Amino acid sequence: MSIRVLHFASGDAWGGAERVIETLVRSMQSNAEVACLLLNEGRLADVIRDMGIAVVVIPERGMSLRNLAREVRTALRRLRFDVIHCHRDKELLLALIARRGSTTPVVITVHGLAPSAQLSLLQVVRTWGILLLARCFGVGFAAVSRELADRLGRWPLAVRAVEIPNPMPSVGSGEGMPDLRMRFGWDPGRPLVGFIGRLETVKGPDLFLEIARRGSARFGWVVVGSGSMEKTLADRCQAEGLGDRVRFLGSVPEAAPLLRQLDALAMTSRHEGTPMALLEAAVCEVPVVAFGVGGIPALLEHAPSSWCVPPGDLDAFARALDGLLESPESARRAAAAWAASIRPRYAQGAVRDAYLALYARCAGSRSVPAERRPTRDLPGAHP
């Protein structure tokens with residue numbers, strides 16, 4: 001009998017964690033009964049429904065934590081599952097409250113955990129408080145990088161987290177996507193350096209802008225994404241006279257195929273677990289320069305050493321891009337070799353099997369789930 005897995009996540013955002021959930025659910029369809037419980041409608045719910053997977057959506061806006069926990073408890077009673085897989089601390093807390101009195105195992109994937117110095121005191125207390133509560137309730141921990149697993153294993157949490165990296169996703173061909181050089185009126189041969197991600201402090205779009213200011217004027221610098229920093233960044237770009245070299249594309253529903261047009265992806269994050277944008281770059285065999293934070297050094301272990309820059313060293317980052325784009329053909333060959341080196345470890349099947357083994361262990365079973373058809377209709381599922 002196949003193990004029954006319920007993925008519990010927020011559905012109104014679309015970023016790296018949601019891309020991971022999409023890829024995991026898709027890869028698990030033939031090996032497990034899969035369903036999803038989401039807080040709020042959004043792209044994630046639409047994508048999963050399109051797979052034929054059962055989705056239950058709880059609109060949380062305006063609800064108190066107590067009422068939301070009651071709604072989650074009602075949904076859990078209507079669904080059939082052997083394991084609850086949470087993807088954020090909020091859903092983890094709700095699952096622990098809602099399953100009170102139940103022995104159903106819970107798994108949490110820690111997708112990222114910013115250093116305490118980058119968080120407010122309230123954020124530190126909230127995050128670590130929920131994780132400590134989870135440890136007390138015997139939750140199974142998965143960490144997307146060795147760096148995260150090591151941090152979870154230290155005081156005060158001291159849990160043994162299983163390191164399971166994010167899977168390499170599928171990336172579209174890019175057919176029908178706008179030609180970036182043509183869109184911005186740039187020469188067809190102009191080298192493109194791109195930032196793809198949320199325009200929030202943790203992702204470092206402000207650092208990307210500063211690197212663009214210090215970097216070569218012959219490059220086109222493209223910012224793809226939206227967020228709370230968007231207006232501030234655009235205003236700064238104009239104030240510093242960078243409008244001829246830096247352009248903002250805004251939010252793009254499926255941005256990954258744009259990677260194929262870049263000559264280099266710039267990862268300027270202040271912290272990361274295992275960034276999906278970096279894995280997407282590997283799929284597209286696009287060269288990368290990144291700050292060596294979180295799980296990035298492990299991911300770039302077999303890439304040219306110049307691709308991984310000391311955190312915060314903006315001049316070194318700009319120099320690395322200059323060196324990389326001096327020989328674009330050589331950089332592309334290096335990207336292809338790097339992608340081939342990480343593919344076995346980050347393949348979707350390998351990541352799926354690691355999670356299925358964790359589920360089985362948490363559920364007290366050693367059996368390997370048998371091949372089966374995906375679940376389409378569970379009680380309470382939204383069509």
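Under the working numbering, the residue at position 81 of the sequence shown is numbered 81, and the numbers go up by one with no gaps. Glycine included, each C-beta is placed from N, C-alpha and C at the ideal position. Just so it is clear, the structure is predicted and the values come from calculations on it, not from any experiment.
Starting from residue 124, follow the alpha helix (DSSP H) in both directions and report where the run begins and ends. Start at 1 with the first residue of the sequence shown, and residue 124 comes out as number 124. Where residue 124 is concerned, the enclosing alpha helix (DSSP H) stretches over 121 to 136.
According to DSSP, is residue 380 part of a helix, a strand, or is it coil? Taking the first residue of the sequence shown as 1, we reach residue 380 at position 380. Because the pLDDT at residue 380 is just 36, under 50, the model does not fix this residue reliably, and the point stays unresolved.
Per DSSP, what are the beta-bridge partners of residue 109 in this structure? Numbered from its first residue, the sequence shown carries residue 109 at position 109. DSSP lists 142 as partners of residue 109.
How is residue 161 classed by DSSP in three states: helix, strand or coil? If you number the sequence shown from 1, residue 161 lands on position 161. If DSSP states are grouped into helix, strand and coil, residue 161 belongs with coil.
By Cβ distance below 7 Å, which residues in the same chain neighbour residue 50 in space, the five residues on each side in sequence not counted? Counted from its first residue, the sequence shown places residue 50 at position 50. Within the same chain, residue 50 has no close Cβ partners at all.
Residue 186, DSSP secondary structure in three states: To locate residue 186, count along the sequence shown from 1; it is residue 186. Residue state, collapsed to three classes: coil.
Put residue 291 into one of helix, strand or coil per three-state DSSP. Within the sequence shown, the letter at position 291 stands for residue 291. If DSSP states are grouped into helix, strand and coil, residue 291 belongs with the strands.
Kindly give me the distance between the Cβ atoms of residue 243 and residue 199, rounded to whole angstroms, as I take these residues to be in contact under 8 Å. Within the sequence shown, numbered from 1, the residue matching residue 243 stands at position 243. Within the sequence shown, numbered from 1, the residue matching residue 199 stands at position 199. The pair is not a contact, with the Cβ atoms about 17 Å apart (cut-off 8 Å).
On the three-state DSSP scale, how would you describe residue 334? Within the sequence shown, the letter at position 334 stands for residue 334. It is helical.
As a quick exercise: from 147, 107, 126, 12, pick the residue whose alpha carbon is nearest that of residue 137. For the purposes of this step, residue 137 is identified with residue 137 of the sequence shown, where counting begins at 1. Checking every option, the nearest Cα to that of residue 137 belongs to 107.
Determine the burial state of residue 224: buried for a count of at least 16 other Cβ atoms within 10 Å of its Cβ, exposed for fewer. Looking up residue 224 in the sequence shown gives position 224. So residue 224 counts as buried.
Measuring only the C-alpha atoms, how far is residue 67 from residue 39? Here residue 67 is taken as the residue at index 67 of the sequence shown, counted from 1. Here residue 39 is taken as the residue at index 39 of the sequence shown, counted from 1. Taking the straight line joining both Cα atoms gives about 13 Å.
Residue environment, residue 16, which counts as buried when at least 16 other CB atoms sit within 10 Å: Within the sequence shown, numbered from 1, the residue matching residue 16 stands at position 16. Counting Cβ neighbours within 10 Å, residue 16 comes out buried, since at least 16 surround it.
For residue 36, the residue or residues it bridges with in DSSP: As a working note, residue 36 is residue 36 in the sequence shown. Answer is 7, 55.
Hey, residue 180 and residue 264 are a contact pair by Cβ (cut 8 Å); roughly how many whole angstroms apart? Your numbering for residue 180 matches position 180 in the sequence shown. Your numbering for residue 264 matches position 264 in the sequence shown. The pair is not a contact, with the Cβ atoms about 13 Å apart (cut-off 8 Å).
Entirely enclosed alpha helix (DSSP H) segments - the segment 227 to 256, minimum 4 residues: 230 to 239
Output the distance between the C-alpha atoms of residue 256 and residue 177, rounded to the nearest integer angstrom. In the sequence shown, the residue the question calls residue 256 occupies position 256. In the sequence shown, the residue the question calls residue 177 occupies position 177. C-alpha separation (whole angstroms): 10 Å.
Whole angstroms is fine: what's the gap from residue 378's alpha carbon to residue 54's? Taking the first residue of the sequence shown as position 1, residue 378 is located at position 378. Taking the first residue of the sequence shown as position 1, residue 54 is located at position 54. Low local confidence applies: a pLDDT of 35 at residue 378 is under 50, so the model's placement there is unreliable, and no value is given.
According to the Cβ coordinates, are residue 279 and residue 205 closer than 8 Å? Taking the first residue of the sequence shown as position 1, residue 279 is located at position 279. Taking the first residue of the sequence shown as position 1, residue 205 is located at position 205. Contact: no.
For residue 2 and residue 282, I'd like the C-alpha separation in whole angstroms. Reading the sequence shown from its first residue, position 2 is the one you call residue 2. Reading the sequence shown from its first residue, position 282 is the one you call residue 282. Computed Cα separation, rounded: 32 Å.
Spatial neighbours of residue 308 in its chain, beta-carbon cut-off 7 Å, leaving aside the 5 residues before and after: One-based indexing of the sequence shown puts residue 308 at position 308. Correct list, in chain order: 290, 292, 296, 297, 300.
For residue 319 and residue 219, I'd like the C-alpha separation in whole angstroms. As a first step, residue 319 must be located in the sequence shown, where it is residue number 319. As a first step, residue 219 must be located in the sequence shown, where it is residue number 219. So the two alpha carbons sit approximately 13 Å from each other.
What would DSSP say about residue 195, mapped onto helix, strand or coil? Taking the sequence shown and counting its residues from 1, the one referred to as residue 195 is at position 195. Three-state result, residue 195: strand.
Chain D within 8 Å of residue 210, Cβ atoms only: Although the question refers to chain D, the structure presented lacks it and comprises just one protein chain.
In angstroms with no decimal places, state the Cα-to-Cα distance between residue 285 and residue 336. Stepping through the sequence shown from its first residue, residue 285 is reached at position 285. Stepping through the sequence shown from its first residue, residue 336 is reached at position 336. Rounded to the nearest angstrom, the two C-alpha atoms are 5 Å apart.
Around the C-beta of residue 115, are 16 or more other C-beta atoms found within 10 angstroms, so that it is buried, or is it exposed? Looking up residue 115 in the sequence shown gives position 115. So residue 115 counts as exposed.
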